[in-house]
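Same order as they appear, the protein sequences are chains A and H. Sequence positions in the first sequence follow my numbering and run 1 to 320. Sequence positions in the second sequence follow my numbering and run 321 to 700. Cβ coordinates follow ideal geometry from the N, Cα and C atoms, glycine included. Bear in mind the structure is a predicted one, so any value in this text is a computation, not a measurement. Only one structure is covered here, and it is reproduced in the block below.
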Amino acid sequence: MSTAPAATPGGTTMGIEAGAALEAQALVRCFGATRALDGLSFTVGRGQLFGLVGADGAGKTTAIRALAGLITLDAGRALVLGRDPAKGGVAVRESLGLMPQQASLYPDLSVAENLRFFARLYCLPRALFRERSARLLDITRLGPFLDRRADALSGGMYKKLALACALLHRPEVLLLDEPTNGVDPVSRRELWALLHELVHDGMTVLLSTPYMDEAERCHCVGLIHHGRLLLAGEPRALLATFEDETYEVEGGEREQVDQGLASLAEVHAASPAGATLRIAVARGSAGTVAGALAPLAASLRPVAPNFEDLFLARVRQEAA
Amino acid sequence: MITSPRWSVQLRAVVRKEIRQTVRDRRIMFMLIVAPLLQTVVFGFAVDFQFDHVPTLVVDHDASAQSREHIRRLLADGTLRDAGHTTELGAVQRKLQTGDAAAALVLPEGLARAFAAQRAAEVQVILDGGDPNRAVVVAGAASRYFGEAAESMVKERLAAHGIAPPPLIRATPRIWFNPSLKTPPYMIPGVMTILLVITTTLVTAMGLAREREMGTLEQVLVTPIRPLFLLVGKMTPFLVIGCFDVLLVLTAGVWIFGVPLHGSLALVATGTVLYVLCTLGIGLLISTVSRTQQQAFLAGFLFAMPAILLSGVMTPIRAMPFWLQVVTTFNPVRYYIEVLRAVLLKGAGLVDIWWRLLALLGFGLALLTVASLRFHKRVA
């Protein structure tokens, strides 16, 4: 996995073959009255690490399931390496790895048995299986727990096993639905290191996450909201287009400050960050906002904009 | 490994996984191994349509040597059992109500005198109609005994006058296939039939619902295995276990309960495999309409109860109203029990039962096709 030629992480020059790895073309899928996907479109180039960011219920899981060919679409087309994942047959299945958000392994089988079962479904020759599983067990540090039943693993270990099962056949495209959800910070860091390594070796990875800070680690991010893509692009480039100014509100009574800010049209986003409150305001309107906050004994301190500010402002703008 | 085709590697993986999971699940193992034996024993010993030792109250108003002799002889047959003596009608009512007695034999006062005077006499039998089968048996036993008693009295009387008794017509029943009219030979095939519904229908329905519930179904479906092989792999172990259970119950039936083996075992095996196709198909169908294991379990029972009651396992189909008899022609369970009883008890051959086997095959293929199409559709 580390023998691939060195390339700049985050670079877009890694796609050797032409054509996108993943394509969502105006996907529509309804569950009853809710439109889980409402014309979702995006493209993931080969060798890219794409982050699908959005709040719970935004349609992230449905989008991933559509790309994996697990649900039928009411309209639109999903493509994996140019093929329909639902009808593409063995070729698509061989090139695709999926790690769903919810449990997906056999709880009553051990770590080793789960690995072996999925390896057989991919018809991995025995020698190759031994080699790859040894490597994956090493990376995930699950080696000492080979005989432990999957339902006796911790949240982080379970996710790592699920990832190992999805990687056994060395897919070209890996889909991860909230891989870091419910994982402790150490495992989370390890998981990200592994993902970067995989992408470095040429794998295309699409992951969904509700955490904005994780979005910044991707080559490309897409903000999904109510089943549609609001923003997409390279994180730094996106941030560069952000025109709002960001501040931290210091002092004041939180409730009063919240009320005061809610009535101001200039405030595009507000999010609590620990004990303080971050806000994004329209360029040049800091004076107005500061003036409104002064009677509440609160003041503004400028901070560098981050992803959360951008996304919250964009979602707020969409709602307006 | 490299030489075997891909589907066979995948199929074997699913079968192996399924066996491993089954062996680890105590509840399922109980359903598959202990339940069959329990059912055999329970049905073999407890379900008995023969009525022996029916508790009978004796109300002997006559209290003569003759009345006592009649009672002794009637009870000696074993069909009736002495449940106490009384002369009060109130006591009779109480005991029949509590179920301590199921019948009462009332010998009127002056019975012996009536015989002596050559007058007609009447003996009353009071029956608890709550259980119609038992009431009929008691009435039959009493009337048979007193009929024979009357006959022998007539003969004695005639002999005393030096007259030869007139010729009599008597029906002599000769019972074929199950001469001692034992219940187990009738019931054990029923146990085999019911058992397969449990081991195959319920377990298949629950097994697939479980994969759906656990999220494992989707993980398997993103792999290159074709859904059909997944289904076949999941059902194969239960087909084998079902056939094993049939053998287990049949062996127990033959050794413990004396079930005859008149026909060909190959025919029994053929019928069993065809029947299991049907029960697996139903299980698969149920799994496509249920989201959880619990739903699958309930749906399984919802199917099993009427299917068993409308199969002739418990009660004869001819006794059902016509429209229900029509319904039973669509019940695969009916054809299997008919095959089993015909082959095991009567030694029927292929010539006698071929159309039933054909019906099972037809139902099985139709059910499996519809169910796997529905499964594919639900997956997509």
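- Among the residues facing chain H, residue 80 of chain A is not included, as its CB has no counterpart in that chain under 8 Å away.
- DSSP, read as helix, strand or coil, puts residue 375 of chain H in strand.
- Per DSSP, the beta bridge partners of residue 30 of chain A are A:35.
- For residue 276 of chain A, the closest alpha carbon among the candidates A:288, A:258, A:81 and A:263 is that of A:258.
- For residue 261 of chain A, same chain residues with a beta-carbon under 7 Å away, outside a window of 5 residues either side, are 267, 270 and 279 in chain order.
- In this structure, residue 588 of chain H and residue 660 of chain H form a Cβ contact; the two beta carbons are roughly 7 Å apart against a cut-off of 8 Å.
- Our two residues, residue 598 of chain H and residue 230 of chain A, have alpha carbons roughly 52 Å apart in a direct line.
- Exclusion of the five residues before and after residue 561 of chain H leaves 352 and 519 as the residues of its chain whose Cβ lies within less than 7 Å of its Cβ.
- Rounded to whole angstroms, the separation of the alpha carbons of residue 273 of chain A and residue 299 of chain A is 16 Å.
- For the region 652 to 681 of chain H, the continuous alpha helix (DSSP H) assignments of 4+ residues that do not extend past its boundaries occur at 652 to 666, in sequence order.
- Around the beta carbon of residue 571 of chain H, fewer than 16 other beta carbons lie within 10 angstroms, which makes this residue exposed.
- Counting only Cβ-Cβ distances below 9 Å, residue 556 of chain H has no contacts in chain A at all, with the closest Cβ about 15 Å away.
- Under the Cβ criterion (8 Å, minimum of three pairs), the region 442 to 455 of chain H does not count as touching the region 470 to 481 of chain H.
- Straight across, the Cα-Cα distance linking residue 540 of chain H with residue 563 of chain H is about 28 Å.
- Taking the Cα of residue 652 of chain H as reference, the smallest distance to any Cα among H:677, H:485, H:408 and H:640 is reached at H:677.
- Cβ contact annotation for residue 454 of chain H (same chain, cutoff 7 Å, sequence separation greater than five): 371, 374 and 422, in chain order.
- Taken atom to atom, the span from the alpha-carbon of residue 526 of chain H to that of residue 559 of chain H is near 15 Å.
- Contact annotation: in the region 43 to 76 of chain A, residues whose CB is within less than 7 Å of a CB in chain H are 68, 70 and 72.
- The alpha-carbon separation between residue 600 of chain H and residue 574 of chain H amounts to approximately 27 Å.
- For residue 219 of chain A, there is no enclosing beta strand (DSSP E), as DSSP gives it neither H nor E.
- Take the alpha-carbon of residue 199 of chain A and the one of residue 85 of chain A: they are about 21 Å apart.
- Linking residue 565 of chain H to residue 189 of chain A through their CA atoms gives a straight-line distance of about 53 Å.
- Membership of residue 291 of chain A in the alpha helix (DSSP H) is indicated by the continuous run 286 to 293.
- Remark: fewer than three beta-carbon pairs, one from each stretch, lie closer than 8 Å, so the region 99 to 108 of chain A and the region 127 to 135 of chain A are not flagged as touching.
- In the DSSP secondary-structure assignment, residue 25 of chain A is bridged to A:77.
- In the three-state DSSP reduction, residue 203 of chain A falls in the coil class, being neither helix nor strand.
- Along the region 524 to 538 of chain H, going in chain order, the ones with a CB nearer than 7 Å to a CB of chain A are 534, 535, 536 and 538.
- Here DSSP, grouped into helix, strand and coil, assigns residue 169 of chain A to coil.
- For residue 380 of chain H and residue 389 of chain H, the gap between their C-alpha atoms comes out near 11 Å.
- For residue 299 of chain A, no alpha helix (DSSP H) segment is defined; the enclosing uninterrupted segment is the beta strand (DSSP E) at 298 to 302.
- Any Cβ of chain A closer than 8 Å to the Cβ of residue 333 of chain H would place that residue at the interface, and such an atom is present.
- Taking a Cβ-Cβ threshold of 8 Å, the residues of chain H close to residue 107 of chain A are 534, in chain order.
- When C-beta distances to chain A are compared with 9 Å, every residue of the region 601 to 613 of chain H stays at or above that value.
- In the DSSP assignment, residue 243 of chain A falls outside any alpha helix (DSSP H), carrying neither H nor E.
- Taking C-beta separations shorter than 8 Å and ignoring five residues to either side along the sequence, the partners of residue 386 of chain H in its chain run 431, 432 and 435, following chain order.
- Around the CB of residue 407 of chain H, fewer than 16 other CB atoms lie within 10 Å, so the residue is classed as exposed.
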